[in-house]
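Numbering-wise (our numbering), the sequence shown opens with residue 0 and increments by one.
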Amino acid sequence: MMQTTVSAEYNRSLNEASRTAGASFVRRMPGHLDRIARQNADTDAPKKQRISSKATKLAFILTACLLTLSLLLYGAARLFGDGISRGGHSASITPLEIVIGNSALSIPENVIRFQGQRHSGAHERIELYLHWPTFSGYNDHLQTSFSRAGDQSNLIFLSLEPRTMPLEMSGRIEPIYSRFFEESASRHPSGLMRQALSATGGFIDEDLYYEPANPYPYATRCTRRTSAIGTPFCIRDIHVGKDLMLTYRFHIQHLADWAKIENRVRNYAGSLLMVH
């Protein structure tokens with residue numbers, strides 16, 4: 000009996016000691032875990048700072064790239080936007096100094112037909128266009144006339160280049176064109192004489208229109224309305240300044256205005272010369 004009591008007491012003491020030791024271990028655990036957490040935090044902090052720094056730099060670079068791209072797009076829109084919206088025409092009336100051969104000319108930008116020629120400097124040849132009857136270069140009010148596909152009947156096209164022929168078209172009637180006359184001449188409603196030209200001279204579906212009873216008559220070659228080669232137009236060349244030749248063409252529907260067109264073209268071409 001005594002042995003049983005001692006054994007029970009021993010077991011109670013052992014259990015109490017175990018509970019005490021367990022409680023002490025549990026009390027020590029939170030502090031230990033905090034130390035481990037702090038150590039891990041101290042170890043991860045530089046990594047997080049490095050990651051944060053890289054992310055900031057990347058965000059800055061991306062922002063700078065987007066800003067640069069936006070500026071480039073804005074600049075391109077300002078530079079090319081008007082040209083694209085106008086179909087390659089220019090509404091600028093800024094005069095450009097054009098040199099052809101030994102001649103210097105001042106030509107408004109909106110009169111120059113091709114974009115690649117809209118710059119000051121030397122040119123072998125320059126192509127111009129003007130609205131009839133206003134004799135204006137391109138502007139937004141005349142956009143329809145300049146941009147109408149397949150029908151530019153209200154435009155006069157001009158080419159300026161160094162002189163290659165000693166005689167204007169008016170001076171070539173008798174020595175050249177008369178050799179290729181076909182049939183008899185007839186009077187045209189415009190007041191000009193109409194004379195058919197032979198294809199043997201390279202004149203396909205062309206007639207010569209000239210001013211009668213004039214020692215140095217006006218003359219122009221026109222394709223016939225029935226021709227299959229395209230829009231019927233009239234072409235004429237004249238001398239400008241000391242050593243330039245100007246060739247201009249207009250729709251045949253304006254042939255009745257030949258005298259007005261001739262006068263306006265000559266005056267306008269003369270006004271372009273920087274030294275008269």
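Cβ atoms here follow ideal geometry from the backbone N, Cα and C, with glycine treated the same way.
Check, Outcome
"Answer yes or no: do residue 154 and residue 129 have a C-beta to C-beta separation smaller than 8 Å?", "yes"
"Please state the DSSP three-state secondary structure of residue 261.", "helix"
"So what does DSSP say about residue 118, is it helix, strand or coil?", "coil"
"Output yes or no for whether 8 Å exceeds the beta carbon distance between residue 247 and residue 207.", "no"
"Short check: CB of residue 164 to CB of residue 244, under 8 Å?", "yes"
"Spatial neighbours of residue 96 within its chain, please: CB distance less than 8 Å, with the 5 preceding and 5 following residues excluded, ordered by chain position.", "103, 104, 105, 119, 120, 273"
"Quick check on the burial criterion: 16 or more other C-beta atoms within 10 angstroms. Buried or exposed for residue 140?", "exposed"
"Residue 214: beta carbon under 7 Å from a heavy atom of the ligand ZN?", "For the ligand ZN, the structure offers nothing, since it holds no ligand at all."
"If you draw a straight line from the C-alpha of residue 261 to the C-alpha of residue 193, how long is it?", "18 Å"
"Can you tell me where the alpha helix (DSSP H) holding residue 158 begins and where it ends?", "Counting along the chain, residue 158 falls outside any alpha helix (DSSP H), though it belongs to the beta strand (DSSP E) covering 154-161."
"Use the C-beta contact count for residue 25: other C-beta atoms within 10 angstroms, 16 or more gives buried, fewer gives exposed.", "With a pLDDT of only 44 at residue 25, under the threshold of 50, the placement of this residue in the model should not be trusted, and no figure is reported."
"Throw me the rounded Cβ distance for the residue 132 and residue 172 pair, which I believe falls under 8 Å.", "Their Cβ separation, rounded to whole angstroms, is 27 Å, which puts residue 132 and residue 172 out of contact at 8 Å."
"Rounded to the nearest angstrom, how far is the Cβ of residue 250 from that of residue 189, given a contact under 8 Å?", "Residue 250 to residue 189, Cβ: 13 Å. No contact."
"Using DSSP bridges, identify the partner residues of residue 185.", "193"
"Provide the residue span of the alpha helix (DSSP H) that contains residue 143, from first to last.", "142-146"
"Rounded to whole angstroms, what's the CA-CA distance from residue 127 to residue 231? Just pull it up for me.", "19 Å"
"Can you look up residue 179 in the DSSP assignment and give me helix, strand or coil?", "helix"
"So residue 99 and residue 161 are in contact, right, with Cβ under 8 Å, and what is the actual spacing, rounded?", "6 Å"
"For residue 270, which residues from the same chain have a beta carbon less than 7 Å from its beta carbon, with the 5 sequence-adjacent residues on both sides left out?", "none"
"Which same chain residues, not among the five before or five after residue 94, have their C-beta less than 7 Å away from its C-beta?", "105, 106, 107"
"What did DSSP end up calling residue 88 once you bin it into helix, strand or coil?", "coil"
"Please report the straight-line C-alpha distance between residue 222 and residue 191, rounded to a whole angstrom.", "15 Å"
"Taking only the alpha-carbon atoms, compute the straight-line gap between residue 228 and residue 218 and give it to the nearest angstrom.", "22 Å"
"If you draw a straight line from the alpha carbon of residue 135 to that of residue 110, how long is it in whole angstroms?", "8 Å"
"Based on the DSSP secondary-structure assignment, which residues constitute the bridge partners of residue 250?", "232"
"Does the beta-carbon distance from residue 205 to residue 220 come in below 8 Å?", "yes"
"What residues are listed by DSSP as bridge partners for residue 220?", "207, 234"
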